[in-house]
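Here is the structure we will look at.
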Amino acid sequence: MKLAKGDKVAIVCCSNGQSLSKKKEIENLKVILEEMGLISVFSKYIYQKISLEEVENNLKGFPESGSPLEKARELMEFYEDASIKAIFDISGGDLANTILPYLDYERIASVKKQFCGYSDLTTIINAIYAKTQKVSVLYQIRNLLYEYSAQQKEDFIKTCFAKDLNNIINNDAVKMMEKNNLYDLSVENSGLYQFPYKFYQGKTVEGIVVGGNIRCFLKLAGTEYFPDVTDKILLLEARSGNLAQIVTYFAQLEQLGVFKKVKGILLGTFTQMEREQPVPAVYSLLKRYINEELPVVKTEYIGHGEDSKAIQIGKKYKF
Numbered sequence: 001m002k003l004a005k006g007d008k009v010a011i012v013c014c015s016n017g018q019s020l021s022k023k024k025e026i027e028n029l030k031v032i033l034e035e036m037g038l039i040s041v042f043s044k045y046i047y048q049k050i051s052l053e054e055v056e057n058n059l060k061g062f063p064e065s066g067s068p069l070e071k072a073r074e075l076m077e078f079y080e081d082a083s084i085k086a087i088f089d090i091s092g093g094d095l096a097n098t099i100l101p102y103l104d105y106e107r108i109a110s111v112k113k114q115f116c117g118y119s120d121l122t123t124i125i126n127a128i129y130a131k132t133q134k135v136s137v138l139y140q141i142r143n144l145l146y147e148y149s150a151q152q153k154e155d156f157i158k159t160c161f162a163k164d165l166n167n168i169i170n171n172d173a174v175k176m177m178e179k180n181n182l183y184d185l186s187v188e189n190s191g192l193y194q195f196p197y198k199f200y201q202g203k204t205v206e207g208i209v210v211g212g213n214i215r216c217f218l219k220l221a222g223t224e225y226f227p228d229v230t231d232k233i234l235l236l237e238a239r240s241g242n243l244a245q246i247v248t249y250f251a252q253l254e255q256l257g258v259f260k261k262v263k264g265i266l267l268g269t270f271t272q273m274e275r276e277q278p279v280p281a282v283y284s285l286l287k288r289y290i291n292e293e294l295p296v297v298k299t300e301y302i303g304h305g306e307d308s309k310a311i312q313i314g315k316k317y318k319f
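Residue numbers for the sequence shown follow the UniProt record's numbering, so the first one is 1 and each next one is one higher.
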């Protein structure tokens, strides 16, 4: 994703609408992007709404900001608008997969702009890859606002602004990496896409990354939007989910045959479970469902933490 000062970026909510209590925070995001030289174009469907139909059907509190068709149509308008250089989704929750049937994947494939979001947007990001082979970014741009704001801003500028990106691509190894469409994390390269990791199984793995939030990724199971996982590196992370819930997700992935097809697994953070249990717990659970030869990588910097980095879904990585 390469941006320049003066570029327009779309801010959307394809999952749950935002509470009006978040309005100040979202206005602050606009200010931060303006300070970077970016012009924010906000969706009409940012905030939760309560319609007459919802009142009549006692659905008060239903976190919808627009109908699936309305949100999909507007998203496609942002793809069609040549002045919009990137699309950042600031939502999360449950509703993102409801817009999938209404997207024009052929048009998305033909446009040189990336979709960026996290959590429930795992559904859209993987659907885009499954239908178009197009790379999207798993990242929450609201991290620019929070505790690690200074580092997040620095990383965002280094990664997203073309001039600064050229400054850090200054050695033959990185140039070759870009030429081969491969992101090699062993090559020193600061920015949003660089994060530390360790191996629980194996010593190296290379492949296209798919996946994201485990609960949301599994919403795609059995649909045309579930990506081909053969020889892929499967990213799995979660915000909610205790030990028992995470076990059920792993069991479902095994029953789908996913663990027999993938080339490796990248574990991000499992926020609730790792708060309640020792960090190795997720690997201890996973071991029940995979063979010991399958490479397993763990990072503390992909997931729902405010210090989380970004990862490109549909991009080939080398660990």
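Cβ atoms here follow ideal geometry from the backbone N, Cα and C, with glycine treated the same way.
{"Query": "Residues that DSSP places opposite Ser40 in a beta bridge", "Result": "Val9"}
{"Query": "DSSP state of Thr271 mapped onto helix, strand, coil", "Result": "helix"}
{"Query": "Cβ-based neighbour list, Thr122, same chain, cut-off 6 angstroms, excluding 5 preceding and 5 following", "Result": "Gly212, Asn213, Cys216 and Phe217"}
{"Query": "Integer Cβ distance of Arg239 from Ser119, believed to fall under 8 angstroms", "Result": "7 angstroms"}
{"Query": "Reduced DSSP secondary structure (H/G/I, E/B, other) of Val31", "Result": "helix"}
{"Query": "Local conformation of Asp89 per DSSP, three classes", "Result": "strand"}
{"Query": "The stretch 217-226 touching the stretch 296-308, judged by at least three CB pairs closer than 8 angstroms", "Result": "no"}
{"Query": "Cys14 vs Ala130 beta-carbon contact at 7 angstroms", "Result": "no"}
{"Query": "Where Asp120 sits in the DSSP three-state scheme", "Result": "helix"}
{"Query": "Option nearest Ala4 by Cα separation, candidates Lys71, Ile39, Glu64 and Lys23", "Result": "Ile39"}
{"Query": "Simplified DSSP state of Leu218, which is helix, strand or coil", "Result": "helix"}
{"Query": "In DSSP terms, what Val296 is bridged to", "Result": "Gln201 and Ile265"}
{"Query": "Paired residues, beta bridge with Gly212 - DSSP", "Result": "Leu236"}
{"Query": "Ala310 versus Val297 - alpha carbon distance", "Result": "16 angstroms"}
{"Query": "For Asp184: DSSP bridge partner residues", "Result": "Lys318"}
{"Query": "Val209 and Pro295 closer than 7 angstroms at C-beta", "Result": "no"}
{"Query": "Euclidean distance between Cα positions of Glu25 and Gly17", "Result": "14 angstroms"}
{"Query": "Residues of its chain near Ala10, where Cβ-Cβ distance is below 6 angstroms and the 5 sequence neighbours each way are ignored", "Result": "Val41, Phe78, Ile84 and Ile87"}
{"Query": "Where Ser136 falls: helix, strand or coil (DSSP)", "Result": "strand"}
{"Query": "Span separating the alpha-carbon of Ala281 from that of Gly314", "Result": "28 angstroms"}
{"Query": "Residues near Gln152 in its chain [Cβ-Cβ closer than 6 angstroms; skip 5 each side]", "Result": "Asn143 and Leu144"}
{"Query": "Rounded C-alpha distance that separates Ser43 from Val12", "Result": "5 angstroms"}
{"Query": "Among Asn28, Phe226, Asn291 and Tyr146, the one whose alpha carbon lies nearest that of Lys263", "Result": "Asn291"}
{"Query": "Short Cβ contact (7 angstroms threshold) for Tyr102 with Leu69", "Result": "yes"}
{"Query": "Alpha carbon of Lys287 to alpha carbon of Lys23, nearest angstrom", "Result": "43 angstroms"}
{"Query": "Spatially closest choice to Asp89 from Ser67, Ile124, Lys2 and Ala82, by CA coordinates", "Result": "Ile124"}
{"Query": "Heavy atom of the ligand NAD within 6 angstroms of Phe161 beta-carbon", "Result": "Of ligands this structure carries none, so the ligand NAD is not represented either."}
{"Query": "Alpha carbon of Thr230 to alpha carbon of Glu154, nearest angstrom", "Result": "36 angstroms"}
{"Query": "Three-way DSSP call (helix, strand, coil) for Val55 in this model", "Result": "In this prediction, Val55 scores a pLDDT of 48, lower than 50, which makes its location untrustworthy; the coordinate-derived value is nonetheless stated afterwards. Helix at Val55."}
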